[in-house]
Amino acid sequence: MNYYIIAGEPSGDLHASNLMKAIKEEDTNCNFRFWGGDLMSEVGGDMVRHYKDTAYMGIKEVIVNLGKIKANFKLCKSDLLKYKPDVLILVDYPGFNLRMAEFAHKNGIKVYYYISPKIWAWNTGRVKKIKAYVDKMYTILPFETDFYKAYNVPIEYVGNPVLDAIDNRKNKNESLETFLKRNNLDSRPIVALLAGSRQQELNNVLPIMLLMVKHFPQFQFIIAGAPSFTINDYEPFIKDLDVKVVFNQTYELAQQAHGALVTSGTATLETALLDCPQIVCYKMWGGKTITKLVKRFILKVKYISLVNLIVNKEAVKEIIQDDLNENNVKAELGKLLNDQDYRINIFNHYNDLHKIMGKPGTSSRAAKLMISALKAIPTEN
Numbered sequence: 001m002n003y004y005i006i007a008g009e010p011s012g013d014l015h016a017s018n019l020m021k022a023i024k025e026e027d028t029n030c031n032f033r034f035w036g037g038d039l040m041s042e043v044g045g046d047m048v049r050h051y052k053d054t055a056y057m058g059i060k061e062v063i064v065n066l067g068k069i070k071a072n073f074k075l076c077k078s079d080l081l082k083y084k085p086d087v088l089i090l091v092d093y094p095g096f097n098l099r100m101a102e103f104a105h106k107n108g109i110k111v112y113y114y115i116s117p118k119i120w121a122w123n124t125g126r127v128k129k130i131k132a133y134v135d136k137m138y139t140i141l142p143f144e145t146d147f148y149k150a151y152n153v154p155i156e157y158v159g160n161p162v163l164d165a166i167d168n169r170k171n172k173n174e175s176l177e178t179f180l181k182r183n184n185l186d187s188r189p190i191v192a193l194l195a196g197s198r199q200q201e202l203n204n205v206l207p208i209m210l211l212m213v214k215h216f217p218q219f220q221f222i223i224a225g226a227p228s229f230t231i232n233d234y235e236p237f238i239k240d241l242d243v244k245v246v247f248n249q250t251y252e253l254a255q256q257a258h259g260a261l262v263t264s265g266t267a268t269l270e271t272a273l274l275d276c277p278q279i280v281c282y283k284m285w286g287g288k289t290i291t292k293l294v295k296r297f298i299l300k301v302k303y304i305s306l307v308n309l310i311v312n313k314e315a316v317k318e319i320i321q322d323d324l325n326e327n328n329v330k331a332e333l334g335k336l337l338n339d340q341d342y343r344i345n346i347f348n349h350y351n352d353l354h355k356i357m358g359k360p361g362t363s364s365r366a367a368k369l370m371i372s373a374l375k376a377i378p379t380e381n
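To convert, note that position 142 of the sequence shown is 142 in the UniProt record's numbering; the numbers rise steadily by one, no gaps.
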């Protein structure tokens with residue numbers, strides 16, 4: 001069968017690539033055409049656009065690149081009609097993918113959504129589009145499964161692909177000593193900085209994270225380089241600081257770190273599943289007024305990190321918006337790194353998370369369910 005897959009950021013590239021591998025095991029005659037990244041390319045198939053050329057964040061960036069965005073929509077629509085896939089598989093990336101879902105549905109193309117956009121947090125109105133244009137939603141979190149059930153959206157719960165990615169990670173059994181030597185690091189305990197994969201996150205969050213370097217000289221601060229950036233993107237932030245960047249080793253870094261500062265997103269869940277104590281840091285544009293408006297009218301959930309949402313309690317500290325300042329982060333990081341009772345409490349919550357999340361195998365389950373559903377569709381004579 002022919003599969004058309006759209007992923008628009010590094011995490012989508014990772015999970016889509018694992019899904020593609022699982023599909024290949026079930027469907028030996030599969031063909032892939034996709035919008036994604038290097039990991040998907042490694043699996044095989046034809047790439048239409050790399051996510052580096054399609055990801056635009058923030059109002060200003062969107063306005064400046066409006067022509068390119070419209071061109072991408074036009075290209076994707078024409079390419080879908082030309083390729084005529086058996087199914088369009090969408091991976092998160094709602095701003096682009098929900099429009100493609102509508103277009104594909106109206107043109108008779110089957111639409112599956114793998115990894116739901118976070119509409120349960122920000123924009124519940126989008127569930128109407130999903131119900132109208134998506135043939136089946138493959139959910140990866142227990143609470144979002146309940147959310148879609150309430151709206152009678154066709155769903156299959158498949159578990160979480162992060163479990164697969166972590167289970168299949170490189171250097172899984174590597175010692176701290178080997179990791180330090182391999183990356184030319186010194187012997188001080190590590191504080192990992194997972195500052196996100198978008199320029200907006202680097203601008204708003206990373207500078208505050210880096211203020212901690214002077215307060216905790218007994219630790220070495222290491223940035224997990226995002227695949228969407230190069231060292232040149234980090235240089236303006238880390239010049240004159242005793243900070244290094246390691247690329248393509250986020251899991252290895254979190255696995256070896258004594259603690260971490262993490263921008264909200266999938267990284268919070270990955271860090272927790274790797275049993276690294278963390279503080280969640282997030283700040284978007286706007287001051288106190290914007291923060292109040294967001295909390296009152298837009299944000300629909302109690303927490304912003306997946307860890308806390310899944311266990312339904314504050315397992316890890318969240319410092320967001322105006323609260324994300326030097327003094328608050330310093331006080332919390334001091335406890336995270338040095339207070340043993342504080343750390344034990346986090347590990348206890350992580351144990352609860354592991355029980356809820358279950359075991360790896362998500363990609364395989366999703367692939368089998370998708371292929372089974374496609375084979376059950378009667379073909380036209």
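Built from N, CA and C at the ideal position, the CB exists for glycine as well.
According to the DSSP secondary-structure assignment, Phe247 is paired through a beta bridge with Gly225. Of the other Cβ atoms in all chains shown, fewer than 16 fall within 10 Å of the Cβ of Gln218; this residue is therefore exposed. Annotation: the continuous beta strand (DSSP E) that includes Phe32 extends over Asn31 to Gly36. The C-beta separation of Tyr83 from Asn2 comes to about 7 Å, placing the pair in contact by the 8 Å criterion.
For the segment 137-162, the continuous beta strand (DSSP E) assignments of 3+ residues that do not extend past its boundaries occur at 155-157, in sequence order. Contact between His258 and Leu337 holds, with the beta-carbon distance rounding to 6 Å and staying under 8 Å. Around the beta carbon of Ala132, fewer than 16 other beta carbons sit within 10 angstroms, so the residue counts as exposed. Cβ contact annotation for Cys276 (same chain, cutoff 6 Å, sequence separation greater than five): Ala254, Ala257 and Ala260, in chain order.
Under the three-state reduction of DSSP, Thr124 is assigned to helix. Non-local beta-carbon contacts of Ser363 in its own chain, meaning distances under 8 Å to residues more than five positions away in sequence, involve His15, Asn18, Leu19, Lys21, Ala22, Pro161 and Asp164 in chain order. The way I'd put it, the segment 175-185 doesn't touch the segment 144-159; fewer than three beta-carbon pairs between them come closer than 8 Å. For Gln278, DSSP records a beta bridge to Ala260. At the C-beta level, Asp352 and Val307 stay beyond 8 Å of one another. Membership of Asn2 in the beta strand (DSSP E) is indicated by the continuous run Asn2 to Ala7.
For Asp27, same chain residues with a beta-carbon under 7 Å away, outside a window of 5 residues either side, are Met1 and Ile371 in chain order. Counting along the chain, the unbroken beta strand (DSSP E) around Asp46 starts and ends at Asp46 to His50. Annotated three-state conformation of Tyr83 is helix, per DSSP. DSSP, reduced to helix, strand and coil, places Val134 outside both helices and strands of the structure shown, so it counts as coil. When DSSP states are grouped into helix, strand and coil, Gln218 belongs to the coil group.
For Ala376, no alpha helix (DSSP H) run applies, since DSSP gives it neither H nor E. The criterion of a C-beta distance shorter than 8 Å is satisfied by Ile279 and Leu333. Apart from the 5 residues on each side of it in sequence, Glu201 sits with its Cβ closer than 7 Å to the Cβ of Ala195 and Thr263 in its chain, given in chain order.
Rounded to whole angstroms, the gap between the alpha carbons of Ala224 and Val243 is 11 Å.
Non-local beta-carbon contacts of Leu75 in its own chain, meaning distances under 8 Å to residues more than five positions away in sequence, involve Val48 and Arg49 in chain order. For the pair Cys281 and Ile190, the CB atoms are not nearer than the 8 Å cut-off.
In the three-state reduction of the DSSP assignment, Ile190 falls in the strand class.
Of the candidates Ala192, Ile5 and Thr54, Ala192 places its Cα closest to the Cα of Thr250.
Excluding its 5 nearest sequence neighbours in each direction, Leu98 has C-beta neighbours in its own chain below 7 Å: Arg126 and Lys129, listed in chain order.
DSSP places Tyr93 outside any beta strand (DSSP E), giving it a letter other than H or E. Residue pairing from DSSP leaves Lys239 without any beta-bridge partner. Annotation for Leu274: Ile166, Tyr251, Ala254 and Gln255 place their beta carbon closer than 8 Å to its own, counting only its chain and skipping 5 residues before and after.
Ile319: member of the beta strand (DSSP E) spanning Lys317 to Ile320, first to last residue. When rounded, the separation of the alpha-carbon atoms in Ile238 and Leu210 is 8 Å. When DSSP states are grouped into helix, strand and coil, Val205 belongs to the coil group.
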